[in-house]
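> Pasting in a structure now, in structure tokens, and then I'll have a few things to ask.
Numbering (the numbering used here), first residue to last: 503 to 1323.
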């Protein structure tokens, strides 16, 4: 292999000059010393030129420097030779001058021969790679290694296809930060002139040669201010962008530049650059980088014709450069019509979906993740636009990169797995059908889920219907889905499942499969799969699958119906726990609301009671932590316990203590909040005093003419602390004034901007004139504004009535009692 130093550009001119001067001085010094010491006896002036010829072997500039020094020493030699003005002196001086001139001439010739020899060696090395024996990435890397730093400080190789320039190779050497410069040059947009980008521009394919780069040239080569600053930081002295042409076709450009080595290019260097670009184009073309379509097909057709999968190859710009016949069959066209299309060519014919049903694009299907060269594999469902025909493909995509990491090619293979994939989908649908029927408490919902699960992987539409006890189709227990749209008990469903004539019409309009739903030996329904007219026909495997689904449905139907019976029994039992009607209390008017959020929407954890005690009544409102059936069980215990305690003792605090002890004694102590108001049973004139206490409950609100206020102080939550105590507060209610005792399900109802809250409830109740109006306000707020009622909600509203015969106008400062509500 030739040595890079023979090219003459491997080191800087200054370094070579210094080395040549050093060699000349080493030869000159001993001759000069001897000549001075012997004086006029032996004159060695002519031998000074040996130093000049020694420097000739290193550099031209060193030859000139040493030659000038030798001539100067020869001129002053009479100082130690004592022959000034003699004929011998002049003859020796002329001989020295002639010898120095000849040495400089020989140095220039030697330098030229050395450079030509090095260049020929480089061209031979590049030509040796043109046999195609090396892989593409190795060819690129080897070529860049030979060119830099021998012929340039940095070098870039770009391809040109359809006027688009793509950088495929970059190399920088000679600076400590060469890695960063190489990275920036690799990512930088090429400065290729228009006449090289597009041969139709009208200018011959000649190089862009800048022997001396000026500030104006840097502005022309740059793309923006940041790029201009980067180019100026390079200190560029000379550069050339040379077209690479092989077999008469423009393949790309070779960019050569010198900067920090302090070299400059001349016309000879340009001629060498053109020869280098030509050899490099041929080498890369034979390596497969720039092979034209005919060459690619000759290399690949013999192999690809025997592969049953679809195979396509796209270049780094996304254009298709190869496709086998199987790929053309998938695309429904000829191979020649595919070549040159962009990555998204398949989207023109097919709609692509992943396994979850989300849409895909061809770009997503082909390209691998950035920085990850592992092949990407995924299942893709493909639906033809015009026919609706469906296929499943296992798509594998791999990437071929250049030596600098840039993408050269995307290789994609697609295996037809329609048969195996539909079998897998069928098995999954069978498993889902069993899960739906086992978990759904309502039959119709289970049937709807089964129908939806079949769409769109197995059919465009699916209908499931059960027969009634008389053998007729029970439309109430039927479900159909067409294109993800539920159809419940409509004419289409009846025409599909009720009569043979309608079924025959459905078969004539589009492919369909009908299978019975059997429970033992009895047919209790039918399942129908339908595709749109002109869509994919059903196979024997689809018929078998429909029959399996029907059998699975029949086996699970009774379990689903038993769930309905269980629901009705539980509902009946829990309705027994609903609050009793409110009693009539002398001097008071009461109203209430109850909205459970339990799992059966019948009863939950909230409760209220109005209990008659000695000399009055006790209004109890409570809330057991949780909801649904579990909370309902604790609700029953709390209601019965507190009712018994109040009836026996008539003391709210004693009743709270008894309930608290009972809750704390359980293995898992449930939590409960209670608010109690003791009302006197009296119709006497004037205000009435109510005794109020709270155990971890939202504080009751008092509605007066001047606003809404809290009624009492808070107390400990029941079931949380043993030996807790509670205080009693006396609340005076004048005629027309009201008290609202409520549970936290009301204030915790989610509104559009947050929760209703205590302030929202107080604002809602301002100005109400009767308990009925207060309840209507609360229910309207929950029904019209609440986004979600996450807990049970209950409230009792009580109002002090005016004394009999006392005019309302005689009571200033009090709210008048309303007649309604």
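Even for Gly, the Cβ is constructed at its ideal location relative to N, Cα and C.
1) Taking its Cβ as the centre, do 16 or more other Cβ atoms sit within 10 Å of residue 882, making it buried, or is it exposed?
2) Does the Cβ of residue 1119 have 16 or more other Cβ atoms within 10 Å, making it buried, or fewer, making it exposed?
3) Closest to residue 700 by C-alpha separation, out of 659, 656, 745 and 670, would be which residue?
4) Following the continuous beta strand (DSSP E) through residue 689, name the residue where it begins and the one where it ends.
5) Could you pull out every unbroken beta strand (DSSP E) segment of at least 3 residues lying fully inside the stretch 688–767, listed in chain order?
6) Return the residue from the list 779, 1193 and 582 that minimises the CA-CA distance to residue 540.
7) Helix, strand or coil for residue 1208, going by three-state DSSP, please let me know.
8) State yes or no: is the C-beta of residue 1014 within less than 8 Å of the C-beta of residue 1031?
9) Could you tell me whether the stretch 731–750 touches the stretch 758–765, where touching means 3 or more Cβ pairs closer than 8 Å?
10) If you run the structure through DSSP and keep just helix, strand and coil, what is residue 1191?
11) With distances taken between CB atoms, is the gap from residue 551 to residue 609 smaller than 8 Å?
12) For residue 902, tell me which candidate among 646, 726 and 637 has the shortest Cα-Cα distance.
13) Looking at residue 916 and residue 812, is the spacing between their C-beta atoms short of 8 Å?
14) Determine, using beta carbons only, whether residue 1266 and residue 1280 come nearer to each other than 8 Å.
15) How long is the line joining the alpha carbons of residue 1026 and residue 968, rounded to whole angstroms?
16) How should residue 1028 be labelled, buried or exposed, when 16 other C-beta atoms within 10 angstroms of its C-beta is the threshold for buried?
17) Whose CA, out of 571, 1236 and 856, lies closest to the CA of residue 1091?
18) Tell me, to the nearest whole angstrom, how far the beta carbon of residue 675 is from that of residue 650; I am working on the premise that it is less than 8 Å.
19) Over what stretch of residues does the alpha helix (DSSP H) that includes residue 769 continue unbroken?
20) Just grab the DSSP bridge partners of residue 662 for me.
21) Going by Cα to Cα distance, which pick from 1081, 691 and 573 is closest to residue 591?
22) Is DSSP giving residue 980 helix, strand or coil here?
23) Go ahead and label residue 696 buried or exposed: buried means 16 or more other beta carbons lie within 10 angstroms of its beta carbon, across all protein chains shown.
24) What are the boundary residues of the alpha helix (DSSP H) that includes residue 842?
25) Any chance the stretch 1216–1226 sits against the stretch 1160–1168, with 3 or more Cβ pairs inside 8 Å?
26) Could you check what DSSP says for residue 1137 in three-state terms: helix, strand or coil?
27) Taking buried to mean at least 16 other C-beta atoms within 10 Å of its own C-beta, is residue 517 buried or exposed?
28) Taking C-alpha atoms, which residue in 690, 644 and 776 lies nearest to residue 786?
29) Which residue comes first and which comes last in the beta strand (DSSP E) that contains residue 964?
30) Output the residue ranges of the alpha helix (DSSP H) runs that lie fully inside the stretch 1145–1175 and measure 4 residues or longer, sorted by chain position.
31) Could you tell me which residues DSSP pairs with residue 894 in its beta bridges?
32) If we ignore side chains and look at the alpha-carbon of each, how far apart do residue 772 and residue 782 end up?
33) Quick one: give me the first and last residue of the alpha helix (DSSP H) that residue 646 is part of.
34) What residue does the alpha helix (DSSP H) around residue 583 start on, and which one ends it?
35) Could you give the distance in angstroms between the alpha-carbon of residue 569 and the alpha-carbon of residue 777?
36) Exposed or buried, what is residue 972 when buried is set at 16 or more other beta-carbons lying within 10 Å of its beta-carbon?
Reading off the structure:
1) The sequence position of residue 882 within the chain shown is 380, counting from 1. Buried.
2) Working through the chain shown from its first residue, we reach residue 1119 at position 617. Residue 1119 comes out buried.
3) As a working note, residue 700 is residue 198 in the chain shown. Proximity to residue 700 across 659, 656, 745 and 670 peaks at 745, based on C-alpha coordinates.
4) One-based indexing of the chain shown puts residue 689 at position 187. Where residue 689 is concerned, there is no enclosing beta strand (DSSP E), although the alpha helix (DSSP H) it sits in stretches over 680–689.
5) Taken in chain order, the complete beta strand (DSSP E) segments of 3 or more residues contained in the stretch 688–767 are 710–712, 740–748 and 751–760.
6) Position 38 of the chain shown, counted from the first residue, corresponds to residue 540. Closest option to residue 540, Cα to Cα, is 582.
7) Residue numbering aside, residue 1208 sits at position 706 when the chain shown is read from its first letter. Here residue 1208 sits in coil by DSSP.
8) The sequence position of residue 1014 within the chain shown is 512, counting from 1. The sequence position of residue 1031 within the chain shown is 529, counting from 1. Yes, these two residues count as a Cβ contact at 8 Å.
9) yes
10) To locate residue 1191, count along the chain shown from 1; it is residue 689. Looking at residue 1191 - three-state DSSP - the assignment turns out to be strand.
11) Within the chain shown, numbered from 1, the residue matching residue 551 stands at position 49. Within the chain shown, numbered from 1, the residue matching residue 609 stands at position 107. Cβ atoms of residue 551 and residue 609: not closer than 8 Å.
12) Sequence index remark: in the chain shown, residue 902 carries index 400 (1-based). Per the Cα distances, 637.
13) For the purposes of this step, residue 812 is taken as residue 310 along the chain shown, with counting starting at 1. For the purposes of this step, residue 916 is taken as residue 414 along the chain shown, with counting starting at 1. Yes. Within cutoff.
14) The residue labelled residue 1266 in the question sits at position 764 within the chain shown. The residue labelled residue 1280 in the question sits at position 778 within the chain shown. Yes, Cβ-Cβ distance for residue 1266 and residue 1280 is below 8 Å.
15) For the purposes of this step, residue 1026 is taken as residue 524 along the chain shown, with counting starting at 1. For the purposes of this step, residue 968 is taken as residue 466 along the chain shown, with counting starting at 1. C-alpha separation (whole angstroms): 6 Å.
16) Start at 1 with the first residue of the chain shown, and residue 1028 comes out as number 526. Its Cβ being crowded by 16 or more others within 10 Å, residue 1028 is buried.
17) The count along the chain shown starts at 1 and reaches residue 1091 at position 589. The shortest Cα separation from residue 1091 among 571, 1236 and 856 belongs to 1236.
18) For the purposes of this step, residue 675 is taken as the residue at position 173 of the chain shown. For the purposes of this step, residue 650 is taken as the residue at position 148 of the chain shown. About 5 Å; that satisfies the 8 Å criterion.
19) Within the chain shown, residue 769 is the residue found at index 267, counting from 1. Start and end: 769–788.
20) Residue numbering aside, residue 662 sits at position 160 when the chain shown is read from its first letter. Residue 662 pairs with 667.
21) Position 89 of the chain shown, counting from 1, holds the residue named residue 591. The closest CA to that of residue 591, considering only 1081, 691 and 573, is found on 573.
22) Within the chain shown, numbered from 1, the residue matching residue 980 stands at position 478. With a pLDDT of only 45 at residue 980, under the threshold of 50, the placement of this residue in the model should not be trusted; the figure read from the coordinates follows. Three-state result, residue 980: strand.
23) As a position in the chain shown, residue 696 is number 194, starting the count at 1. Exposed.
24) The residue given as residue 842 occupies position 340 in the chain shown. Element bounds for residue 842: n/a, residue is neither H nor E.
25) yes
26) By 1-based counting over the chain shown, the position of residue 1137 is 635. In this structure, residue 1137 counts as helix in the three-state DSSP scheme.
27) Looking up residue 517 in the chain shown gives position 15. Counting Cβ neighbours within 10 Å, residue 517 comes out exposed, since fewer than 16 surround it.
28) Mapped onto the chain shown, residue 786 falls at position 284. Ranking 690, 644 and 776 by Cα distance to residue 786 puts 644 first.
29) To locate residue 964, count along the chain shown from 1; it is residue 462. First-last of the beta strand (DSSP E) with residue 964: 963–969.
30) 1154–1166
31) Position 392 of the chain shown, counting from 1, holds the residue named residue 894. Note: residue 894 sits in a beta bridge opposite 883.
32) Residue numbering aside, residue 772 sits at position 270 when the chain shown is read from its first letter. Residue numbering aside, residue 782 sits at position 280 when the chain shown is read from its first letter. The straight-line gap from Cα to Cα measures roughly 15 Å.
33) Counting from one through the chain shown, the residue named residue 646 turns up at place 144. Here the alpha helix (DSSP H) through residue 646 covers 638–649.
34) As a working mapping, residue 583 is identified with position 81 in the chain shown. Where residue 583 is concerned, the enclosing alpha helix (DSSP H) stretches over 580–583.
35) By 1-based counting over the chain shown, the position of residue 569 is 67. By 1-based counting over the chain shown, the position of residue 777 is 275. Cα-Cα distance, rounded: 36 Å.
36) For the purposes of this step, residue 972 is taken as residue 470 along the chain shown, with counting starting at 1. Legend: pLDDT at residue 972 = 49, less than 50; position of this residue unreliable, value from coordinates given subsequently. Under this definition residue 972 is an exposed residue.
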